[in-house]
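**Student:** Note that the working numbering has the sequence shown beginning at 475, numbered continuously upward. Yeah, the Cβ is synthetic: ideal placement off N, Cα and C, and Gly gets one too. My questions all concern the structure below.
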Amino acid sequence: MIDLSFSVYLSGEIHTEWRDEIKRGAEAAGLDIDFTAPVTDHPASDAAGDHLGENDSAFWRDHQSAKVNAIRTRTLIEKADMVVVRFGDKYKQWNAAFDAGYCAALGTPYVTLHDADIVHPLKEVDAEAKAWCQTTDQVVETLKYVLRD
475 MIDLSFSVYL SGEIHTEWRD EIKRGAEAAG LDIDFTAPVT DHPASDAAGD
525 HLGENDSAFW RDHQSAKVNA IRTRTLIEKA DMVVVRFGDK YKQWNAAFDA
575 GYCAALGTPY VTLHDADIVH PLKEVDAEAK AWCQTTDQVV ETLKYVLRD
């Protein structure tokens with residue numbers, strides 16, 4: 475493996491253990507990777523801006539929290555060498571699609587991780603991705619290749 479530290483931001487779906495699977499696989503492979511992620515506690519993320527004052531509409535609460543969350547998300551994506559963007563099957567992850575677009579605009583390489591049944595709605599996102607993975611093992615294999623001698 476290349477003797478360097480690599481930073482990977484894990485974006486997207488927060489309701490399954492996919493992040494832990496990738497981390498365990500990378501550790502088992504001996505990869506020197508610093509993994510970062512958004513706040514994955516859904517209620518905490520939704521309340522990220524609540525300390526700034528009460529809002530009289532859900533729109534303004536979400537707007538305020540999204541901006542606070544963006545401080546973390548943008549900073550970590552900008553520092554990442556690569557981003558993994560996970561799309562699950564339960565929710566519409568517009569934030570993940572936004573993160574992928576941000577990566578594309580920055581020129582930060584990203585790979586997508588999702589099932590085949592949502593290839594069509596993600597065609598533009600996948601078109602800019604450097605790889606489409608269907609399993610966390612494929613993500614780990616991609617990382618192993620990228621960091622190999």
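1. Buried or exposed: Gly-581, going by 16 or more other Cβ atoms within 10 Å of its Cβ?
2. Could you tell me which of Ala-532, Asp-623, Arg-548 sits nearest to Val-513, measuring between CA atoms?
3. Assuming Val-614 contacts Ala-503 (C-beta within less than 8 Å), just tell me the rounded distance between them.
4. Leaving out five residues before and five after Gly-562 in sequence, what residues of the same chain have Cβ atoms less than 6 Å from its Cβ?
5. According to DSSP, is Thr-510 helix, strand or coil?
6. Please report how far the alpha carbon of Asp-474 lies from the alpha carbon of Asp-600, in whole angstroms.
7. Check this for me: beta carbons of Ser-519 and Asp-573, under 8 Å apart or not?
8. Please classify Ser-539 as buried or exposed, where buried requires at least 16 other C-beta atoms within 10 Å of its C-beta.
**Tutor:** Here's the rundown:
1. Position 107 of the sequence shown, counting from 1, holds the residue named residue 581. Answer is exposed; the Cβ neighbour count stays below 16.
2. Translated into the one-based positions of the sequence shown, residue 513 becomes position 39. With distances taken between Cα atoms, Val-513 lies closest to Arg-548.
3. Here residue 614 refers to the residue found at position 140 when the sequence shown is read from its first residue. Here residue 503 refers to the residue found at position 29 when the sequence shown is read from its first residue. Between Ala-503 and Val-614 the Cβ distance is about 6 Å, and since that is below 8 Å, they are a contact.
4. The residue you call residue 562 lines up with position 88 of the sequence shown. Excluding residues within five positions, the ones whose Cβ falls inside 6 Å are Glu-487.
5. Counting from 1 along the sequence shown, the entry for residue 510 is found at position 36. Strand, per DSSP.
6. Because residue 474 is not part of the residues shown, which for the chain are 475 to 623, the question remains open.
7. Within the sequence shown, the letter at position 45 stands for residue 519. Within the sequence shown, the letter at position 99 stands for residue 573. No, Cβ-Cβ distance for Ser-519 and Asp-573 is not below 8 Å.
8. Sequence index remark: in the sequence shown, residue 539 carries index 65 (1-based). Result: buried.
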